[in-house]
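To get our numbering, take the position in the sequence shown, counting from 1, and add 3. Ideal Cβ placement from N, Cα and C applies to all residues, glycine included.
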Amino acid sequence: MFDVPEFVWSKWIDLRGAQINPQSPKDEGVYRIRDRNSGRILYVGETNNLRRRFSHLQNSFSAEIPYADPHTAAPALWAYLQENDTSLDISFIIVQGSRAKRMTVETSYIAILRHEVGESPLANFGQMPNGWIKSSGNSSKLVQMGKRFKGYRNNDAIRTPSMPSILDLSNSSLECNWGNLQWSNWEEFPISLPPHSVIGLYRIRRPEAQMLSYIGQGKILARLKAHSLKYGDDGHAQSHDFSPGFLTSWTSVQIIHSRQLLEMEADLIASHYITLNACPTAQFIG
């Protein structure tokens, strides 16, 4: 494991009943869930109240598959327990400060796991075990629309394979080969833009900066245009970073599913954070 100061985890405790365990704090932080027998990390998350979030996870042990509310990972953990005779443990880090700080630590730990074991944790990025369809959320809007449903077995449901790790602790985040990718040259927005249909990763910085403002993914042109509109939104936290004159660089990526872009984005955010001890300035504050 890379030497990242924030990654000093608590001792493992049983996930079942963790919300009433005296060792479970009410502090904000990041947590991870493992298969007790194999040690495999199944999920990594962040929260502003660890004990309350542990309570949300208790329906992973319910009699039938839960909805994806109040915890998005509960259906996957429930399905995993149907297929594996094991118990689940949870461990945590107290991370004080902003939600952006917690999300940076969460994202960086996921990226490190991806680098070490070759795939993302089972229940991150909305994934389910093979052979299962994930439950919907449980909002009143979904009920009104008739779109609330419980997950179920489906042998044709195969997990999207994880993208290979692109964690890069050697190259600068400004270089054209960062993450072993082929990035376009830095250009001022909107002087040089990719075609509308290009999907991939992009990065943004201020002309004078030696670190990034933002790392993103998706339909690159549409995303860049959306960012540029933040400048006109008085008081928006990202207004300065996306004010006129920001520089962009991008790379197209061939994917099977959009969650693969999320994996690659996480690797790049972690690369930036671990090497510079700083998250891109506009990341996680939109």
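Item, Value
"Leaving out the 5 sequence neighbours to the left and right, which residues in its chain are closer than 8 Å to A281 when beta-carbon positions are compared?", "M214, H275"
"With DSSP run on the structure shown, which of helix, strand or coil describes Q47?", "According to the sequence displayed, residue 47 carries Val and not Gln. Of the three classes helix, strand and coil, the one that applies to V47 here is strand, per DSSP."
"What ranges does the beta strand (DSSP E) occupy inside the region 80-128, keeping only unbroken runs of at least 3 residues that lie completely in it?", "91-97"
"Is it right to say N180 is buried, meaning 16 or more other beta carbons lie within 10 angstroms of its own, or is it exposed?", "exposed"
"From the DSSP secondary-structure annotation, give me the bridge partner or partners of G286.", "Reading off the sequence, residue 286 comes out as Gln, not Gly. Note: Q286 sits in no beta bridge, so no partner."
"Just grab the DSSP bridge partners of V33 for me.", "E49, I96"
"How is the alpha helix (DSSP H) around Q220 delimited, first residue to last?", "Taken as a continuous stretch (DSSP letters only), Q220 belongs to no alpha helix (DSSP H), being part of the beta strand (DSSP E) at 217-222."
"If you follow the beta strand (DSSP E) that L250 is in, where does it begin and where does it stop?", "250-255"
"Quick check on H199: buried or exposed, where buried means 16 or more other Cβ atoms within 10 Å of its Cβ?", "exposed"
"Exposed or buried, W12, counting other C-beta atoms within 10 Å across all chains shown (16 or more means buried)?", "exposed"
"With a cut-off of 8 Å on the beta carbons, I'd call I223 and Q286 a contact; round off their distance for me.", "Not confirmed; about 17 Å, so no contact."
"Please work out which residues of its chain come closer than 8 Å, Cβ to Cβ, to R55, disregarding the five sequence neighbours upstream and downstream, and give them in chain order.", "Q22, K29"
"Let's see if you can read the secondary structure: which residues bound the alpha helix (DSSP H) around I277?", "261-279"
"At which residues does the alpha helix (DSSP H) containing L145 begin and terminate?", "143-148"
"In this structure, does DSSP put W181 in helix, strand or coil?", "helix"
"Between the beta-carbon of I207 and the beta-carbon of D244, is there less than 8 Å?", "yes"
"Where does D88 land, buried or exposed, given buried means 16+ other C-beta within 10 angstroms?", "exposed"
"If you follow the beta strand (DSSP E) that L204 is in, where does it begin and where does it stop?", "202-208"
"Nearest to V120 by CA position, among R43, G134, E266, L145, is which residue?", "R43"
"Whole angstroms are fine: how far does the CA of E191 sit from the CA of L204?", "17 Å"
"Please look up how many angstroms separate the CB atoms of A76 and Y112, rounded, as I've assumed it's under 8 Å.", "At roughly 15 Å, the Cβ-Cβ gap does not stay under 8 Å, so A76 and Y112 are not in contact."
"Once you ignore the five residues that flank Q26 on each side, which residues in its own chain have a CB closer than 6 Å to its CB?", "I16"
"Can you check which of these residues, S138, S252, G32, is closest to I93 by C-alpha distance?", "G32"
"Please classify V146 as buried or exposed, where buried requires at least 16 neighbouring CB atoms within 10 angstroms.", "exposed"
"Kindly indicate which three-state DSSP category R156 falls into: helix, strand or coil?", "strand"
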